[in-house]
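Top line first, the protein sequences correspond to chains A and B.
Our numbering puts the first sequence at residues 103 to 395.
Our numbering puts the second sequence at residues 578 to 1020.
All residues carry an ideal CB built from backbone N, CA and C; glycine is no exception.
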Amino acid sequence: MLVKKRARFAYLMILPSMVVITLLTLVPLLDGLIVSIQSQDLARPDPTRFVGLAHYSRALIEDEDFWSSLGRTLVWTVGSVVGAYCLALFLALLVNIDIQGRKFFRALFLLPWVVPEVSTALLWKWLYGDEFGILNFILKSLGMIDSPVLWLADPALAMPSVIAVQIWKLYPVMFIVLLAALQNVPKELHEAATIDGANSRQRFLYITLPFIRGTSVIITLLASIWSFQNFDIIYLLTGGGPAGATKVLATLMYQKAFWGSEMGYAAAIGVLMLVVLLLISIAYLFAYKVQKD
Amino acid sequence: MEFKSLELTRRSTVIAGLGGLFSLGSSGVNAQGQTALTFWTVRLNTPELSEALKSILADFQKANPSIKITQEPVSGGLVYPKFIAAVRGQSMPDIAEAFSYHPLQFAAMDQMEPMDDIIALWKSNGTLDNIFSEFAYKKFFWKGQYWGVPYNLDIRPIYYRKDLLEAKGIKPPKNWTEFQAAAIATHNPSTGNFGAVFPAGDFHISQHFYMSFMFQAGGGILDKDGNLIFGTKAKDANVRALTFLTDLATKHKVTPPGIAAYNTDDAHTIFVQGRATFGFGTGAVISRIMKENPSLFDKVGILDVLEGPGGPANRLNAGFYNPMFVWKHSPAKEAAKIFIKWFIQSGRLEPLYRAAPGQHWPIFKSDIASPRVKGNRLLEEALNKVVPFTTDFAYPAYGRPEMGIIDGEKMFAAPVNEVVVGTKTPEKAVMDAHAKMARLFAT
């Protein structure tokens, strides 16, 4: 009886937050779904005209831009997350060692996370500049290049360049989560393995990695979702160029919604992005569960 | 009993007060009984322009104490999302000044108040005759009504280094052939000087310079009846213009190697630092030179609008007559128009032009010969050489809301970018851009 009363009280306490969160997530989602089946071409009369699945059909069948942007989005996401994870894990392993100044390094590696996205884009635009960029200046001073590298102006280099920026932005949060996971690995296991003759590579592969696998799955899934939806970095650095080399779904959606006044089509792209994300998440978690079992 | 009636009195007073405030707010009248207006600004938001605007608005308040105007800046980069979200949320400002084709774009969404009465007033009192070009106001004419009124002009000159040309014994070029030859002759990698610099990134500004060359080649986007001719009747001229512009980077290699990533400021910076013979820029380059590199001022000139293959009749240059407009559902439309009529008068906006020399230009002939212009050589050159030849990308047509989307979606900036990076030939780039525009016009 007391338990039931406490449970009721608990539900009552969390109810206001649940209502707000539901309203803030469900209502925009439903609104987006409704918009995606209406014309919502704001440059034409009767924007609320029902069009059924016309926008979806346009995205999936007629619009080459959609599929090429989806491909680039996947490259962007995988590149950013894998790169950030490797860097974060490497730094977490280093900082996990009991060295002097550990706290200082921990704070230092978190810095990119606190820099706002707009400042990040501006900063890297200057770093990458052909005429004024410090990267080209350093490479030229070292004799490694004769002429500036066109980090953001060469279609072949633009995507790796913006991925590098996203790695820089993303790794701190992965670093702090992985560091916490590493600090929960029992030291006795490492000591026992050392006594048994295991080297550092074997201890990492057979003790450390299995222990942090669960955390790794969660943080890489979250990072994938964030990267997949990311808009600011690419929009500010390249605008989706050069020649569409960095045009991802988020920039395509923005372009269609706000520059083209095609809110309905943009909403359909948004819904399709959600579907892709859901499929990726389900596949990911399913693969993790199978492996765990 | 007494306590209850006190409670009722207090409660009913609060309710009446709230209801009163609400009704005041919904009718555009504030608590002081003034008509409240919200004014969104897009191109007047730098610190200098903002200060100058404040003084102008203060003058308006003094002259019109019954109207309270609140100015809200909107970032240029966010102008489309902000306005589109406001349209959807029905929270547009009473008045706004924004980009060139916004009034027509929003008129197509049935959000604009017609401005025929202001145009009629201007016609009767001679204001229209005092405007540089009839295109300035006719461009806002669509489906039988005017949806915006012009208030200032934005130009796109080509700046040049007099000293670098003189050192090579070259006169300032007057046509395409001379321009190309001068850029090639003065390009000097050993001193780090580029023949020319222009923004060719996937940003809006890139299409503005292409537009100038399109007109000079005898091309364009629309014919005089507003039909799309970009990839049809005007195709050859447009391809020729695109080839000429992009050859500076791809064939003659007289531009910085990274221009395919350049936005407005990147090109400006290189020229203001004194590292290019020719710089394609906005009028803002003048105030940047004065502020950042005043020693360069005497060495810089503004080219005459070039003559291209289209001949003297097509000596035209890109530029934008920028509008002010009123929201259809504003509860204070009359007050909004009172403000606009007061704001757009000869001489009224002089503080803005003084605050950022060259960045904005008046639309009235009587304003142009001011001491401010006469006392600044570059302003005077722009006035004489560029302003009279300025038109924008619907020319020779007026009134197509689609131009807002063509500009917004950068439909003819993409060709510049694609050709410079080498992913398309000029012909393919023009035809692909035409296909996108045609789809827009077909729906």
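Using a threshold of 9 Å, state whether the C-beta atoms of residue i and residue j are closer than that.
{"i": "Ala794(B)", "j": "Val997(B)", "result": "no"}
{"i": "Gly808(B)", "j": "Val1007(B)", "result": "yes"}
{"i": "Gly362(A)", "j": "Gly134(A)", "result": "no"}
{"i": "Asn641(B)", "j": "Trp938(B)", "result": "no"}
{"i": "Glu690(B)", "j": "Tyr728(B)", "result": "no"}
{"i": "Ala974(B)", "j": "Gly703(B)", "result": "no"}
{"i": "Val726(B)", "j": "Pro900(B)", "result": "yes"}
{"i": "Leu339(A)", "j": "Ala223(A)", "result": "yes"}
{"i": "Gln936(B)", "j": "Ala861(B)", "result": "yes"}
{"i": "Val882(B)", "j": "Val963(B)", "result": "yes"}
{"i": "Ile336(A)", "j": "Ala325(A)", "result": "no"}
{"i": "Ala194(A)", "j": "Leu128(A)", "result": "no"}
{"i": "Pro1003(B)", "j": "Thr823(B)", "result": "yes"}
In the DSSP assignment, the beta strand (DSSP E) including residue i goes from what residue to what residue?
{"i": "Gln648(B)", "result": "644 to 650"}
{"i": "Met355(A)", "result": "Run containing Met355(A): none in the beta strand (DSSP E); it sits in the alpha helix (DSSP H), 351 to 356."}
{"i": "Trp270(A)", "result": "No beta strand (DSSP E) holds Trp270(A); the alpha helix (DSSP H) holding it covers 257 to 284."}
{"i": "Tyr158(A)", "result": "Tyr158(A) -> not in any beta strand (DSSP E); alpha helix (DSSP H) instead, spanning 156 to 159."}
{"i": "Ile672(B)", "result": "672 to 674"}
{"i": "Ala773(B)", "result": "771 to 774"}
{"i": "Phe897(B)", "result": "894 to 903"}
{"i": "Leu614(B)", "result": "612 to 618"}
Using CA coordinates, which residue listed in the options is at the minimum distance from residue i?
{"i": "Gly235(A)", "options": "Thr968(B), Ile915(B), Ala777(B), Pro834(B)", "result": "Pro834(B)"}
{"i": "Lys645(B)", "options": "Trp699(B), Gln850(B), Leu614(B), Tyr930(B)", "result": "Leu614(B)"}
{"i": "Thr967(B)", "options": "Arg892(B), Pro934(B), Pro900(B)", "result": "Arg892(B)"}
{"i": "Thr859(B)", "options": "Phe718(B), Met791(B), Leu955(B), Ile735(B)", "result": "Ile735(B)"}
{"i": "Ser141(A)", "options": "Lys358(A), Ile382(A), Ser383(A), Gly173(A)", "result": "Lys358(A)"}
{"i": "Ser171(A)", "options": "Val392(A), Val350(A), Ala389(A), Ala385(A)", "result": "Val350(A)"}
{"i": "Asp256(A)", "options": "Val216(A), Tyr230(A), Trp169(A), Asp248(A)", "result": "Tyr230(A)"}
{"i": "Gln722(B)", "options": "Leu1017(B), Ile982(B), Gly976(B)", "result": "Gly976(B)"}
{"i": "Phe277(A)", "options": "Phe211(A), Phe306(A), Gly173(A)", "result": "Phe211(A)"}
{"i": "Lys856(B)", "options": "Gln757(B), Phe916(B), Pro670(B)", "result": "Note that residue 856(B) is Gly in the sequence shown here, rather than Lys. The residue with the shortest Cα to Cα distance from Gly856(B) is Gln757(B)."}
{"i": "Val217(A)", "options": "Ile123(A), Ile321(A), Val183(A), Val275(A)", "result": "Val275(A)"}
{"i": "His829(B)", "options": "Gly772(B), Asp706(B), Ala811(B)", "result": "Gly772(B)"}
Consider the Cβ of residue i: report whether some Cβ of chain B lies at a distance smaller than 9 Å.
{"i": "Ser221(A)", "result": "no"}
{"i": "Phe388(A)", "result": "no"}
{"i": "Met365(A)", "result": "yes"}
{"i": "Leu254(A)", "result": "yes"}
{"i": "Tyr158(A)", "result": "no"}
{"i": "Ala359(A)", "result": "yes"}
{"i": "Asp232(A)", "result": "yes"}
{"i": "Gly154(A)", "result": "no"}
{"i": "Ala145(A)", "result": "yes"}
{"i": "Thr340(A)", "result": "yes"}
{"i": "Met375(A)", "result": "no"}
{"i": "Ser383(A)", "result": "no"}
{"i": "Phe111(A)", "result": "no"}
{"i": "Pro262(A)", "result": "no"}
{"i": "Phe257(A)", "result": "This sequence places Pro at residue 257(A); Phe is not what is there. Yes, because at least one Cβ of chain B sits closer than 9 Å to the Cβ of Pro257(A)."}
{"i": "Ala190(A)", "result": "no"}
{"i": "Pro218(A)", "result": "no"}
{"i": "Leu114(A)", "result": "no"}
{"i": "Ala369(A)", "result": "no"}
Along the chain, where does the alpha helix (DSSP H) that runs through residue i open and close?
{"i": "Pro992(B)", "result": "991 to 998"}
{"i": "Tyr187(A)", "result": "166 to 198"}
{"i": "Val664(B)", "result": "656 to 666"}
{"i": "Tyr787(B)", "result": "782 to 793"}
{"i": "Met980(B)", "result": "979 to 985"}
{"i": "Asn961(B)", "result": "954 to 962"}
{"i": "Ala1019(B)", "result": "1003 to 1019"}
{"i": "Ile327(A)", "result": "311 to 331"}
Is there a Cβ from chain A that is less than 9 Å from the Cβ of residue i?
{"i": "Thr827(B)", "result": "no"}
{"i": "Thr859(B)", "result": "no"}
{"i": "Ile866(B)", "result": "no"}
{"i": "Glu584(B)", "result": "Reliability of the predicted coordinates at Glu584(B) is poor, the pLDDT of 43 falling under 50, and the value obtained from them is presented with this limitation in mind. By this cut-off, Glu584(B) is not an interface position."}
{"i": "Lys1001(B)", "result": "yes"}
{"i": "Tyr657(B)", "result": "yes"}
{"i": "Gly778(B)", "result": "yes"}
{"i": "Gly602(B)", "result": "Per-residue confidence for Gly602(B) stands at a pLDDT of 44, beneath the threshold of 50, marking its modelled position as unreliable; the derived number appears in the next sentence. Judged by the 9 Å Cβ criterion, Gly602(B) is not in contact with chain A."}
{"i": "Ile633(B)", "result": "no"}
{"i": "Gly835(B)", "result": "yes"}
{"i": "Tyr736(B)", "result": "no"}
Taking the runs of the beta strand (DSSP E) that are 3 residues or longer, which of them lie wholly in the stretch 691 to 748 of chain B? 726 to 732, 735 to 738
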